[in-house]
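Residue numbers for the sequence shown follow the UniProt record's numbering, so the first one is 1 and each next one is one higher. Backbone N, C-alpha and C define an ideal beta-carbon position, used for all residues, glycine too. Just so we're clear, the structure is a prediction, and the values are computed from it rather than from any experiment. Following: one structure in structure tokens, then a few remarks.
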Amino acid sequence: MSGRDYKTFLTNHRTESQLAGFPKEKIKEEDKYVRRFTEGFKTTTYRAMDYEQLKTLATVKKMAAHKSLLKIKKIQQASKEHKDQNLIKQHKLAWQKEFIRLNNARKRLQVEMEAFIRQNAEDGAVCSHSFQDFEDYESSIVNDFSHFKTDTVEPVWNLREDLKYWVVEHQNDAKEEDESVLEERKAILETVASVNSQQELVLEKLLNEQLSLEQELSSGELAELCHTHEKKVQGGIPMEAFELECPDLDLKASVLQEFILLDEQHRARLEDLEQEHAQVLGSERGGWSEEDHYLFQVIVEQYPHDMTNRRMLYIDRLKRHFPGKSRQELVDHEDWCTRHKYYHDRKKALTLDWLRDRKELLTKASATFAEVCMAQELEEVKNEFKQKQKELCDVLYDKVQRWREQKMELMWLEQQEEERKRKEQEELMKIEEEKEKKKRQEQKEKLNKYHIQQEEEQRKRREDEQKRMEELKKILQEQAVHDKERVKFREEQILKKEIAKYEKEQDRLRDEEEREQRLEALREKVRPVVASDPERIWNDTEAWHSRVTGDEDINIQKPLFKMLGFSANQVASDPRVRLEQKLREAGIQGSDYGRLMMKQMKPPTQPRKDMESTVFKHLPKDGS
């Protein structure tokens with residue numbers, strides 16, 4: 001029995017006025033229960049509560065919940081350690097593959113270098129004296145290294161062996177406090193400290209020499225020799241074009257002018273590229289130090305592009321190598337490196353296109369001038385063909401102009417294609433970043449939701465336990481006071497229910513009578529009134545009249561089905577069909593130019609907005 005809501009307590013007690021219609025035997029039995037309850041007789045229905053036992057059970061439940069929480073935390077920690085171990089294994093595998101590749105490359109380069117030195121150091125070679133000097137210098141370096149090892153490394157190893165021997169000999173004297181042993185230990189520690197300071201000085205000197213050698217290699221003539229492999233374009237009109245012979249000076253001037261125009265076009269494209277990447281070029285190494293930038297590039301290159309979860313792996317590796325840098329800084333530097341690499345690749349491609357176009361223009365000019373010279377020779381032999389030679393020059397001039405226009409169109413198409421690829425790459429990178437960001441956000445929300453749910457459940461459980469204890473105390477204190485009020489209240493409630501039930505039954509009977517009256521009124525309204533017509537049975541029906549008097553004249557030439565479509569003239573009048581025929585005759589219907597022209601051609605009649613086709617909506621886009 002609960003004391004939270006005493007109105008819910010039920011009893012079978014009735015007053016004399018309420019029990020007027022009940023049997024006497026039932027009244028006596030109910031009076032017996034009421035008297036037994038009010039006078040306090042013992043019963044097996046109710047029993048006293050042991051609060052000490054309840055407190056003990058609550059403590060046991062709390063301890064079990066605490067153990068479960070510790071077990072969950074232990075499982076989470078083990079899962080995290082297992083995940084870190086898997087990542088470390090993948091990092092180790094990637095590093096082993098990279099180490100094997102670098103070791104093979106080193107051996108291959110070493111073999112090539114030794115073969116190159118042997119080939120050029122032989123007698124009679126052009127650079128034999130220089131390579132002999134190189135070999136002498138290498139032997140002197142090897143001797144210096146052996147002397148350095150003898151003077152610095154071997155004494156340290158000898159000292160190590162002596163210390164190990166001394167420790168083994170005096171192992172039994174470790175617990176004794178002999179002054180000679182203590183003095184000997186002190187002398188050994190001073191010797192070790194002196195050796196450590198000497199080694200630190202040697203390492204510092206070697207580091208300074210390494211830095212000076214690196215600076216010497218990265219500056220001066222050696223740096224220029226290392227960067228000679230970069231392609232450079234010599235602008236202006238080449239001397240080979242000046243030396244070409246052409247009797248028509250105007251044609252030669254116009255052809256040579258094409259070199260200047262070509263240089264201006266390519267320089268403009270390079271300037272546009274530099275302006276687009278001005279932010280990348282403005283910051284050297286993306287604001288990072290040279291060593292950090294070099295480590296960043298080396299770590300990223302260790303993971304091949306076809307590796308699964310490549311970006312996640314090298315980001316984790318970078319976070320381990322650079323604990324002082326946040327993930328956002330690593331992602332920003334990754335973006336900077338991507339744009340920097342794209343700039344140099346694009347610049348290299350534009351430079352190669354420039355060289356190729358200049359070479360093609362020089363070849364075209366040579367062929368054009370050769371044709372003009374041949375035409376001039378024929379003109380000198382036959383004066384009557386002067387007019388034809390002039391026309392030939394005009395034709396050749398038109399060819400150069402057309403070639404220039406075609407070249408301009410090709411350059412424009414290539415530029416548009418590069419721009420489209422760059423935008424697609426940026427869109428893919430943005431999509432990948434958004435996916436990764438959304439995934440992290442969902443994981444974070446799930447974790448927060450789980451923690452909040454656990455805390456809410458614990459709070460509710462504590463509140464329920466506290467509330468239950470307070471209620472039990474209140475029940476024991478107030479139960480005797482409220483029992484009589486419950487009995488009286490239940491009597492009143494039952495009386496009210498019986499009265500309400502009687503009134504409800506009267507209302508139902510009244511509603512039933514009204515409903516029958518309304519139904520009877522409706523029946524009177526809809527009851528049909530039809531006059532008797534016996535002759536209607538013998539008259540003809542409308543269906544019989546229509547079948548007898550129907551038109552028997554059928555058009556045999558009329559088609560069976562109504563045809564919906566287009567005629568041949570309507571199909572041929574569509575400009576898209578005519579354009580496709582012309583492109584097919586030219587053999588370029590499958591090229592990028594042909595597809596672009598077909599895409600830009602509009603239909604003669606625009607389709608209705610409610611008839612828009614969804615056939616191509618889910619097909620992959622070009623280049624994706």
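Residue j beta carbon less than 7 Å from that of residue i
i	j	result
residue 415	residue 247	no
residue 428	residue 346	no
residue 380	residue 389	no
residue 266	residue 354	yes
residue 330	residue 313	no
residue 131	residue 121	yes
residue 340	residue 280	yes
residue 302	residue 98	yes
residue 251	residue 397	yes
residue 58	residue 512	no
residue 589	residue 596	no
residue 293	residue 285	yes
residue 410	residue 241	no
residue 601	residue 576	yes
residue 472	residue 63	no
residue 202	residue 152	yes
Where residue i sits in the DSSP three-state scheme
i	result
residue 302	coil
residue 575	helix
residue 100	helix
residue 549	coil
residue 451	helix
residue 134	helix
residue 405	helix
residue 307	coil
residue 541	coil
residue 277	coil
residue 533	coil
residue 111	helix
residue 605	coil
residue 198	helix
residue 246	coil
residue 54	helix
residue 598	helix
residue 501	helix
residue 170	coil
residue 468	helix
Burial state of residue i, where buried means 16 or more other Cβ atoms lie within 10 Å
i	result
residue 258	buried
residue 296	buried
residue 26	Note that residue 26 scores 48 on pLDDT, short of 50, meaning its location in the model is unreliable; the coordinates nonetheless yield the value given after this. Residue 26 should be labelled exposed.
residue 157	exposed
residue 468	exposed
residue 144	exposed
residue 166	exposed
residue 244	buried
residue 412	exposed
residue 333	buried
residue 228	Confidence is the limiting factor: at residue 228 the pLDDT is only 46, short of 50, which leaves the residue's position unreliable, though a coordinate-based value still follows. With fewer than 16 Cβ atoms within 10 Å of its Cβ, residue 228 is classed as exposed.
residue 350	buried
residue 288	buried
residue 101	exposed
residue 536	exposed
residue 269	buried
residue 527	exposed
residue 631	Nothing about residue 631 can be reported from this structure: the residues present for the chain run from 1 to 624 only.
residue 543	exposed
residue 262	buried
residue 392	buried
residue 148	exposed
residue 372	buried
residue 106	exposed
residue 94	buried
residue 369	buried
Whole-Å CB distance - residue i paired with residue j, under 8 Å assumed
i	j	result
residue 255	residue 367	So it is not a contact: roughly 11 Å between Cβ atoms.
residue 357	residue 407	7 Å
residue 316	residue 87	6 Å
residue 195	residue 159	6 Å
residue 574	residue 607	With a Cβ gap of about 13 Å, residue 574 and residue 607 do not count as contacting.
Check: residue i C-beta below 6 Å from any heavy atom of the ligand FAD
i	result
residue 270	The ligand FAD is not part of the structure shown, which contains no ligands of any sort.
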